[in-house]
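Protein sequence lines correspond, in order, to chains A and B. Counting from 11, one number per residue, gives the positions in the first sequence under this note's numbering. Counting from 11, one number per residue, gives the positions in the second sequence under this note's numbering.
Protein chains: 2
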Amino acid sequence: MTTVGILGGTGPAGRGVAIRLASAGYDVVLGSRDAGRAEKSAAGLRARGSGTLQGAANEGAASCDLVVIATPWDSAVLTVKDLRTQLADKTVISMVNALVREGRELVPLYPPRGSMAAQLAFALPRSTIVGAFHHLPADQMLDLDSGLDGDVVIFSDDDAARQRVADMVDEMPGLRAVIAGSMSLASAVEAFTAVCTSINIRHKVHSYVKLAGLKD
Amino acid sequence: MTTVGILGGTGPAGRGVAIRLASAGYDVVLGSRDAGRAEKSAAGLRARGSGTLQGAANEGAASCDLVVIATPWDSAVLTVKDLRTQLADKTVISMVNALVREGRELVPLYPPRGSMAAQLAFALPRSTIVGAFHHLPADQMLDLDSGLDGDVVIFSDDDAARQRVADMVDEMPGLRAVIAGSMSLASAVEAFTAVCTSINIRHKVHSYVKLAGLKD
Chain A
11 MTTVGILGGT
21 GPAGRGVAIR
31 LASAGYDVVL
41 GSRDAGRAEK
51 SAAGLRARGS
61 GTLQGAANEG
71 AASCDLVVIA
81 TPWDSAVLTV
91 KDLRTQLADK
101 TVISMVNALV
111 REGRELVPLY
121 PPRGSMAAQL
131 AFALPRSTIV
141 GAFHHLPADQ
151 MLDLDSGLDG
161 DVVIFSDDDA
171 ARQRVADMVD
181 EMPGLRAVIA
191 GSMSLASAVE
201 AFTAVCTSIN
211 IRHKVHSYVK
221 LAGLKD
Chain B
11 MTTVGILGGT
21 GPAGRGVAIR
31 LASAGYDVVL
41 GSRDAGRAEK
51 SAAGLRARGS
61 GTLQGAANEG
71 AASCDLVVIA
81 TPWDSAVLTV
91 KDLRTQLADK
101 TVISMVNALV
111 REGRELVPLY
121 PPRGSMAAQL
131 AFALPRSTIV
141 GAFHHLPADQ
151 MLDLDSGLDG
161 DVVIFSDDDA
171 ARQRVADMVD
181 EMPGLRAVIA
191 GSMSLASAVE
201 AFTAVCTSIN
211 IRHKVHSYVK
221 LAGLKD
């Protein structure tokens with residue numbers, strides 16, 4: 011079975027993806043700068059299904075078949091730079107959003123190349139970058155009984171990698187993959203997370219994107 | 011009753027908003043550079059409810075109580091500049107998205123001030139700008155029997171104007187208002203239209219945003 015590593019996987023966003031990947035049968039390695047913390051974090055997750063969950067240093071997570079970047083935005087590039095060799099010739103999924111708090115809102119930051127996915131692509135020229143998992147509410151992702159029914163908007167310049175990630179997402183409970191297109195849409199997908207989270211703060215809810223009008 | 015003018019109202023997006031405003035009881039004036047075309051366009055719409063629909067030159071639409079900007083993005087600023095006086099001291103709703111076709115996709119353009127709403131606010135310093143109606147599928151808006159059930163994400167730096175627009179949207183059939191926050195979110199809301207339309211082109215659907223997890 012495919013192994014999936016999650017860099018910065020001990021935060022709520024990474025843990026949410028991890029538990030649903032393991033519940034879909036994947037063997038998941040939560041990575042952290044601190045291997046002990048990752049092991050503890052993985053031990054605290056109870057997946058359902060045949061997949062496994064373990065913790066490791068980020069290096070261990072980076073040696074999996076598929077790697078998800080779930081670090082805070084301002085440490086994402088630094089984290090992957092050290093793992094360039096392990097990540098070469100692999101599909102690397104960015105779920106990173108560059109957001110900053112401004113009063114009651116989270117607002118989008120536009121990094122020099124327009125998106126965090128583009129920043130990561132520049133830092134990892136030998137990897138294939140796919141964007142996914144941006145708009146998901148961490149609490150509902152973590153709770154397998156939350157009734158989550160969300161859309162994962164996916165983009166990449168590589169058709170095959172994009173499709174592979176979409177197929178994986180469709181196996182995860184509570185999620186539907188929607189391929190949007192190329193990296194030209196990266197900034198728009200990432201920035202919309204600011205809209206969802208600002209709505210959540212303002213209305214005291216956990217909203218997420220479910221596109222209406224798609225064929226099932 | 012409040013009158014609502016729609017500048018550039020003869021395009022599919024403007025007409026879709028017009029028919030649902032009239033169906034909510036508003037008196038709507040479709041504006042166009044060509045008054046004759048606007049009259050013809052208005053005559054072709056059949057609203058349900060007590061509101062009225064008529065066509066006029068953009069000047070006529072701009073003298074309504076509330077004004078919606080529905081022109082193509084590249085003529086929006088030019089159009090409102092000539093109507094600065096009529097639009098002063100009014101709430102002006104921008105539904106404008108700056109998008110360009112790139113192969114099979116529509117991708118977002120970021121104007122110098124980050125969003126079209128900010129460009130319009132700069133061009134109309136005496137008006138109050140509210141962003142709304144960005145992600146709606148024109149065909150389903152126009153067909154009152156389409157079963158449309160979409161969210162209108164609203165932003166503005168003016169709390170009262172934002173709330174007024176939200177109240178109006180909630181009266182329109184098939185739409186729910188969701189106040190996201192300030193103009194800091196304008197680029198993110200506008201650019202996401204590129205994601206919806208690119209998904210529509212790729213998957214041959216008419217998708218739109220419906221946020222899950224909100225309280226009713």
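For glycine and all other residues, C-beta sits at the position ideal for the given N, C-alpha and C.
Is residue i close to chain A, meaning its C-beta is less than 8 Å from at least one C-beta of that chain?
i	result
B:H144	no
B:A190	yes
B:I164	no
B:A187	no
B:R212	yes
B:L195	yes
B:E112	yes
B:S208	yes
B:D180	no
B:A66	no
B:V199	yes
B:E177	Here residue 177 of chain B turns out to be Asp, not Glu, going by the sequence shown. Output row for B:D177: interface = no.
B:D155	no
Which same chain residues end up closer than 7 Å to residue i when comparing Cβ atoms and leaving out the 5 residues on each side of it in sequence?
i	result
B:R94	L134
A:G61	L31, A32, S33, A34, G35, Y36, D37 and V38
A:A142	I103, M105, V162, I164, V175 and V179
B:A28	I16, G19, V38, L40, L55 and L63
A:R123	Q129 and F132
Just checking my contact of residue i with residue j at CB under 8 Å: how many whole Å lie between their CB atoms?
i	j	result
B:M193	B:D167	5 Å
B:V188	B:V162	7 Å
A:L146	A:G26	6 Å
A:A127	B:A201	That pair is no contact at about 14 Å.
B:S208	A:G191	5 Å
B:G65	B:A48	3 Å
A:L221	B:S217	4 Å
A:A57	A:S125	About 30 Å; that fails the 8 Å criterion.
A:T12	A:N107	About 25 Å; that fails the 8 Å criterion.
Rounding to the nearest angstrom, what Cα-Cα distance links residue i and residue j in this structure?
i	j	result
B:A53	B:A71	15 Å
A:L97	A:G24	18 Å
A:D44	A:K50	10 Å
A:F165	B:K100	40 Å
B:L109	A:D155	39 Å
B:R114	A:A171	18 Å
A:A86	A:Q129	9 Å
A:R136	B:V14	54 Å
A:D84	B:D169	32 Å
B:L55	B:L185	19 Å
B:N68	B:I16	8 Å
A:L224	B:N210	8 Å
B:V219	A:V219	7 Å
A:M182	A:G157	13 Å
B:D153	B:V215	16 Å
B:H3	A:P82	Beyond the ends of chain B as shown, which are 11 and 226, falls residue 3 of chain B; an answer cannot be given.
A:E112	A:R212	13 Å
A:P121	A:Q173	26 Å
A:A148	B:V78	37 Å
A:L88	B:T89	46 Å
B:G46	A:D177	52 Å
Along chain C, which residues have their Cβ under 7 Å away from the Cβ of residue i?
i	result
B:G223	As a matter of chain content, chain C is missing from the structure shown, whose protein chains are A and B.
So, for residue i: in the same chain, excluding its five sequence neighbours on each side, which residues have a beta-carbon less than 6 Å away from its beta-carbon?
i	result
B:A131	I139
A:G59	S33 and G35
B:S42	T20 and A48
B:I119	Before going on, a small fix: residue 119 of chain B reads as Leu here, not Ile. The residues are A108 and V110.
A:L116	L109, A204, T207 and S208
Where does the unbroken alpha helix (DSSP H) through residue i begin, and where does it stop?
i	result
A:G24	P22 to S33
A:K91	W83 to K91
A:S51	A45 to A53
B:T203	A196 to H213
B:R123	Element bounds for B:R123: n/a, residue is neither H nor E.
B:G19	Here B:G19 belongs to no alpha helix (DSSP H), and DSSP marks it neither H nor E.
B:G157	It is not in any alpha helix (DSSP H) - B:G157 carries neither H nor E in the DSSP assignment.
B:G70	N68 to A72
A:T95	R94 to L97
B:A170	D169 to E181
Does any C-beta atom of chain B lie closer than 8 Å to the C-beta of residue i?
i	result
A:L119	no
A:A171	no
A:V205	yes
In the DSSP assignment, find the beta strand (DSSP E) that holds residue i and state where it starts and stops.
i	result
B:F165	G160 to S166
B:G191	L185 to G191
A:R111	L109 to E112
B:Y36	Per DSSP, B:Y36 belongs to no beta strand (DSSP E) and is neither H nor E.
Say the cut is 7 Å; is the CB of residue i nearer than that to a heavy atom of the ligand FAD?
i	result
B:R114	The model on display carries no ligand, and the ligand FAD is accordingly not part of it.
Going along the chain, which residues of its own chain have a beta-carbon closer than 8 Å to the beta-carbon of residue i, five neighbours each way excluded?
i	result
A:K91	A133
A:D75	T12, T13, V14 and K100
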